[in-house]
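Take the position in the sequence shown, starting the count at 1, then add 96; the result is the number in the working numbering.
A short write-up of the structure that comes next.
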Amino acid sequence: MTTSLTPELRDRTFRWIADDPDDDSRVELQNILARAMGGEAGAADELADRMAGPLEFGTAGLRGPVRAGPNGMNVAVVTRTTAGVADWLTAQGHPGGVVVVGRDARHGSEAFAKAAAEVLTAAGFAVKVLPGPLPTPVLAFAVLELGAVAGIQITASHNPPADNGYKLYDATGGQIVPPSDGLIERAIEAAPPAISVPREPGAAVLGDELRDAYLAKVALLPRGPEREVKVAATALHGVGAETLSAAFERAGFTELSLVAEQSTPDPDFPTVAFPNPEEPGATDLLLALASEVDADLAIALDPDADRCALGVRERDGSWRMLRGDETGVLLGWHVLSTVDSSDPLVATTIVSSSMLGEVAKEFGARYAETLTGFKWLVRAGEGLVFAYEEALGLCVNPGFVRDKDGISAAVLAAGLSASLRAAGRGPLDVLDELAVKHGVHVTDQVSLRVTDLSVREKLMAGLRAAPPASLGGTDVTMEDLLPDADVLRLTGEGLRVVIRPSGTEPKLKAYLQVKEPVSGELAEARTAADARLAALRTDVESRLA
């Protein structure tokens, strides 16, 4: 794309610069404008992109590159966003209530958290700031623990190093849901220029007592007395290492080995291409450490420690990471087999494996499927004891964190591993037994990354107009989930495909599942399921190409 520097773009940039309260951001944008005015190739394109905002405020809050301009994460954008949040809270009947502000260790996080706290303080709210960079689950816990009307966490979770974000929790302790996002976005649009938004220092900085209260509850999560287990873990350069170590110590697990190169927060994430445990290569150092220390379990947190991935030793001695669905079903089974609730509810999303529903039937428990996102999962219903999503999100403690919580999931997983070890078993033994009982469920994902978001819309429209009659050699019927969600679900005998645009990335995603009953040898059923999944993947990839 080649953009010329129009008078309108130039003047709009001048206005933003004049209204930006941050010196560094003003200089950054001034330099790009000067290059564009000088005719430097690509400078006008970059300026147009930065000025194309504002960043959309959705149910996941904000997320984008750290850079000057309305289409980036910077002090001006955070200031106006928080002004909108303050107005929304007041309109919802919460003037002057407690608001908790936390952050991770990414580029800009400290400055953004400071700006949010000062805007809320000036607006009359009782602001409490977490003491330094801490995992997102600690912020979610703080909202409930302190009876806050809202919580704000500055984080981009497992996004690339260039990004940062703004995540908002409401008084329920969960992430916001519609129509709150739309109301907040309109309030942001109505906010004055950032330089005119009042800011006032003086927010109360919390001590260690809040994190201590969280750790005290996490320490109660293991379901049995066994504590003898060797665990290797990584924080992927995020903020989880210290809290994970403290949680293990409180819970009585003493053999924890951390990947040293990835244990100190580093916003550049130097040892991984993408700081996401799902990405190829992200857990290489972890699995090498697990092999070196002869671990029983490997654990990878994402950078803000709200997600948790588990690694296990195969029977040939090699190590691999479990898929999110494997981890979710394993921990869901563990919770249901030990829960003290008389009418428990477990939940997952429409794109996750359906095996959790089969496990719930086995225990006489209620089961729910929701739209994607923990904002929906934690609202699945009364009596919720466990929820998970296939993207490594696990809620094993809905009583005190109404969101995914990688620290708590890690502690629960360590307890399960210790119990299994004492019985001469391992996680793969449980997964095999569940497959024999409920059929082999194999899942996969096809992601189409786009540079033009209109491509996603055209593909979804094309599928709606002419849905496939078969996929992977199996006849299918299509269900359109509009208007509740922009989601298509195709089902056939032992097969399911769910297609939706990603809410946080420029991708169209297809979630695949094949179910194969076990009538003979488990290995034979797995081979048949894998073959069907491969054929299904090939077919879906060709249709989305």
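We put the CB at the ideal spot given by N, CA and C, even for glycine.
- Pairing residue 511 with residue 113, the inter-Cα distance amounts to about 54 Å.
- Fully contained in the stretch 389–449 are the following alpha helix (DSSP H) runs of length 4 or more, in chain order: 420–434.
- Judged by DSSP in its simplified three-state form, residue 169 adopts strand.
- Only exposed fits residue 554, as fewer than 16 other CB atoms lie within 10 angstroms of its CB.
- Shortest Cα-Cα distance from residue 292 to any of 260, 275, 179, 543 involves 179.
- In the three-state reduction of the DSSP assignment, residue 534 falls in the helix class, which pools H, G and I.
- When secondary structure is reduced to three states using DSSP, residue 328 falls in the strand class.
- Pairwise C-beta distances place the stretch 292–305 out of contact with the stretch 272–284, as fewer than three of them are shorter than 8 Å.
- Unbroken beta strand (DSSP E) stretches of 3 residues or longer found wholly inside the stretch 258–290: 259–266, given in chain order.
- With the rule of 3 Cβ pairs closer than 8 Å, the stretch 148–161 does not count as touching the stretch 187–205.
- When secondary structure is reduced to three states using DSSP, residue 513 falls in the helix class.
- Looking from the CA of residue 482, the closest CA among 468, 500, 175, 469 belongs to 500.
- Using a C-beta cut-off of 8 Å, the stretch 213–229 makes no contact with the stretch 254–267, since fewer than three inter-stretch Cβ pairs fall below that distance.
- Closest in alpha carbon position to residue 109, among 414, 164, 371, is 164.
- Bounds of any beta strand (DSSP E) do not take in residue 478, whose DSSP letter is neither H nor E.
- When secondary structure is reduced to three states using DSSP, residue 183 falls in the helix class.
- The shortest C-alpha to C-alpha distance from residue 123 to any of 181, 170, 281, 637 is the one to 170.
- Burial state of residue 398 is buried, judged by a 10 Å Cβ sphere holding 16 or more other Cβ atoms.
- Here the alpha carbons of residue 608 and residue 479 stand approximately 29 Å from one another.
- Cα atoms of residue 536 and residue 370: separation of roughly 31 Å, rounded to the nearest angstrom.
- Taken in chain order, the complete alpha helix (DSSP H) segments of 4 residues or longer contained in the stretch 352–394 are 380–388.
- The straight-line gap separating the alpha-carbon atoms of residue 612 and residue 539 is approximately 12 Å.
- Between the alpha carbons of residue 175 and residue 526 lies a gap of roughly 50 Å.
- Under the DSSP assignment, residue 618 falls in the alpha helix (DSSP H) whose first and last residues are 618–640.
- In this structure, the straight-line span from the alpha carbon of residue 310 to that of residue 241 is close to 9 Å.
- With a 10 Å radius around the Cβ and a threshold of 16 neighbouring Cβ atoms, residue 412 comes out exposed.
- The C-beta of residue 111 has fewer than 16 other C-beta atoms within 10 Å across all chains shown, which makes the residue exposed.
- A Cβ-Cβ distance of about 12 Å is found for the pair residue 202 and residue 232, leaving them out of contact under the 8 Å criterion.
- Inter-segment contact for the stretch 434–443 and the stretch 454–464 is present: three or more beta-carbon pairs are separated by less than 8 Å.
- Bridge pairing for residue 126: absent [DSSP].
- Rounded to whole angstroms, the separation of the alpha carbons of residue 218 and residue 454 is 52 Å.
- Under the three-state reduction of DSSP, residue 464 is assigned to strand.
- In this structure, residue 324 and residue 517 form a Cβ contact; the two beta carbons are roughly 7 Å apart against a cut-off of 8 Å.
- Boundaries of the beta strand (DSSP E) harbouring residue 606: 603–612, taken from the DSSP string.
- According to the DSSP assignment, residue 256 belongs to no alpha helix (DSSP H), since it is labelled neither H nor E.
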